[in-house]
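Quick mapping for you: the protein sequence lines, in order, are chains A and B. Numbering (the numbering used here) for the first sequence: 1 to 197. Numbering (the numbering used here) for the second sequence: 1001 to 1197. All C-beta atoms in this analysis are idealised placements derived from N, C-alpha and C, irrespective of residue type, glycine included. Because the structure is a prediction, the values reported are computed rather than measured. Inspection log for the structure reproduced underneath, given as structure tokens.
Protein chains: 2
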Amino acid sequence: MTARASRGRRPGAPDTRAEVLAAARTSFGELGFRGTTIRSVAAAAGVDPALVHHYFGTKDDLFVAALEIPVDPREVMAPVVAAGPDGAGERLLRAFLGVWDDPDVQPGLLALARSLLGDDSGPMVRDAFIPVVVGPVLAQLVADRPEVRIPLVASQIIGLVVTRYVIALPAMAHAPAEDLVARMGPVLQHYLTGDLA
Amino acid sequence: MTARASRGRRPGAPDTRAEVLAAARTSFGELGFRGTTIRSVAAAAGVDPALVHHYFGTKDDLFVAALEIPVDPREVMAPVVAAGPDGAGERLLRAFLGVWDDPDVQPGLLALARSLLGDDSGPMVRDAFIPVVVGPVLAQLVADRPEVRIPLVASQIIGLVVTRYVIALPAMAHAPAEDLVARMGPVLQHYLTGDLA
DNA sequence: GACGTTTTTCATCATGTGTTGAATTGTGCG
DNA sequence: CGCACAATTCAACACATGATGAAAAACGTC
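What follows is the structure, encoded as structure tokens:
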């Protein structure tokens, strides 16, 4: 306790730990969890594989560290839901794209998405992610029959994520966010509050 | 040529080869290419791993064998495009769901989709699958600006595939096909021929 | 019954992986 | 300087996987 000041070596001038984490993020985002190897991450960071284990423990630990995202979904969505259902489709999309297009956040989100889609984590996203995280937020925007409308909204948003970020279809990946808001916003609005046959 | 009739042993009464192929299909569909192991496929078929190699060669060969699908996309889509743009959204969706809901075809398609999404085959679907296979078909249904409309259609259909088959959100997975046609058909129609802001 | 062919298995190799623990280097503090 | 501690690397283990080639088992044909 008594001013147990640090002795010994200080963190290296180039923050190696951060470089390893960044390499892990992009690798997880591009190749998924199984496709990413500790050795390849270490190589990308110009470092020995054992160092990766030294900083982050097991591979799973490294994965959750790579997923750490400086964004609170509820905080982002608060203004969207606060403004009521009118025009919610476009605001929802704008907020969503704002987060995903942020270069600081995108690698982590991509890693999350890639693994949720690829590595047999169907149950994860089906039983936890959608119902617990995004479900309650969308529920406040929906006109009625949320059990029907929310999956429809999810389907269009997931399609957007896959085509724009995961697969990166040129027309989707390079389109300005506002173009997508204009084209897909009405569809989301329809799913949220429109007539549902 | 001269009635070189088969001598030796005949194919086993329970068609082992077919069982191995079926096991491979479901495994590739549930766990993707990387997640599937030759040993697990052999175990699921109650068979020695070497037998898998004996029938289908390498793991890649097994994969393409598992993808063999008794469906010609152009044949399925022909009536859809033949009837013209009116109501094409609903017809497109109906034909699509008809194929995917066929239990004979679904495992192979799932394996294909899972791997296209998961195993870093972005370039594959981006540069080959969409432009070559589905692009030309959709191009015949589109009002104008195909480079904008086709990706939008793709995004909604991919969202449907992911939520209904890959992730299997209950509301999407258990919905009767006609319900989905009624709810999402108009959206596809809008992407195909509607006003695009 | 004996041969030939196919099916099926056994034993094995080479490789890549996650992980670990000891050893080495480097830097600041007394 | 020399000590303490952190950063970093080396060497190696245990394990799973894809793949191979030879042997054994099953079955129809002559």
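Report the neighbours of GLY1029 of chain B on chain A: residues whose CB is nearer than 8 Å to its CB, in chain order.
-> Simply none; closest approach about 10 Å.
At a CB-CB cut-off below 7 Å, which residues of chain B make contact with ILE158 of chain A?
-> Here the neighbours are GLY1159, VAL1162 and THR1163.
Could you run through the stretch 1081 to 1108 of chain B and flag, in chain order, every residue whose CB is less than 7 Å away from some CB of chain A?
-> Contact residues of the stretch 1081 to 1108 of chain B toward chain A are absent (C-beta to C-beta distance below 7 Å).
Is SER40 of chain A close to chain B, meaning its C-beta is less than 8 Å from at least one C-beta of that chain?
-> Closer than 8 Å: no.
Name the residue from B:ASP1060, B:VAL1166 and B:ASP1015 whose alpha carbon lies nearest to the alpha carbon of LEU117 of chain A.
-> Nearest of B:ASP1060, B:VAL1166 and B:ASP1015 to LEU117 of chain A, Cα basis: B:VAL1166.
Are any of the Cβ atoms in chain B nearer than 8 Å to that of LEU62 of chain A?
-> Output row for LEU62 of chain A: interface = no.
So is MET172 of chain A in contact with chain B if we call contact Cβ pairs under 8 Å?
-> So yes, MET172 of chain A belongs to the interface.
Can you name the start and end residues of the alpha helix (DSSP H) that ARG145 of chain A belongs to?
-> Here ARG145 of chain A belongs to no alpha helix (DSSP H), and DSSP marks it neither H nor E.
Give me the Cα-Cα distance between PHE96 of chain A and ASP15 of chain A, rounded to the nearest whole angstrom.
-> Straight-line measurement puts the Cα of ASP15 of chain A at about 31 Å from the Cα of PHE96 of chain A.
For chain B, is any of its Cβ atoms less than 8 Å away from the one on ALA3 of chain A?
-> In this prediction, ALA3 of chain A scores a pLDDT of 34, lower than 50, which makes its location untrustworthy; no coordinate-derived value is stated.
Just mark LEU1192 of chain B as buried or exposed, buried being the case when its beta carbon has 16 or more other beta carbons within 10 Å.
-> Its Cβ being crowded by 16 or more others within 10 Å, LEU1192 of chain B is buried.
For GLN189 of chain A, which residues from the same chain have a beta carbon less than 6 Å from its beta carbon, with the 5 sequence-adjacent residues on both sides left out?
-> The residues are GLY89.
CA nearest to the CA of ASP1179 of chain B, picked from A:LEU196, A:VAL47 and A:ALA182 | The candidate whose alpha carbon is nearest that of ASP1179 of chain B is A:LEU196.
Please compile the residues from chain A whose C-beta is within a distance smaller than 7 Å of the C-beta of ALA1182 of chain B.
-> Correct list: ALA197.
Within the chosen definition, does the stretch 1126 to 1144 of chain B reach the stretch 1045 to 1052 of chain B through at least 3 CB pairs nearer than 8 Å?
-> Contact annotation: the stretch 1126 to 1144 of chain B does not touch the stretch 1045 to 1052 of chain B, with fewer than three C-beta pairs closer than 8 Å.
Going by other Cβ atoms of all chains shown within 10 Å of its Cβ, with 16 needed for buried, is ARG91 of chain A buried or exposed?
-> Counting every other CB atom within 10 Å of its CB across the protein chains shown gives ARG91 of chain A a total of 16 or more, marking it as buried.
Kindly list the residues whose CB is nearer than 6 Å to the CB of THR1036 of chain B, restricted to its own chain and excluding five residues on each side of it in sequence; keep chain order.
-> These residues qualify, in order along the chain: SER1027 and PHE1028.
Skipping 5 residues on each side, what residues in its chain have a beta carbon closer than 6 Å to that of VAL1181 of chain B?
-> Non-local C-beta neighbours of VAL1181 of chain B in its own chain, meaning closer than 6 Å and more than five positions away in sequence, comprise GLU1090, LEU1093 and ARG1094, ordered along the chain.
Where does VAL161 of chain A land, buried or exposed, given buried means 16+ other C-beta within 10 angstroms?
-> Buried is the call here.
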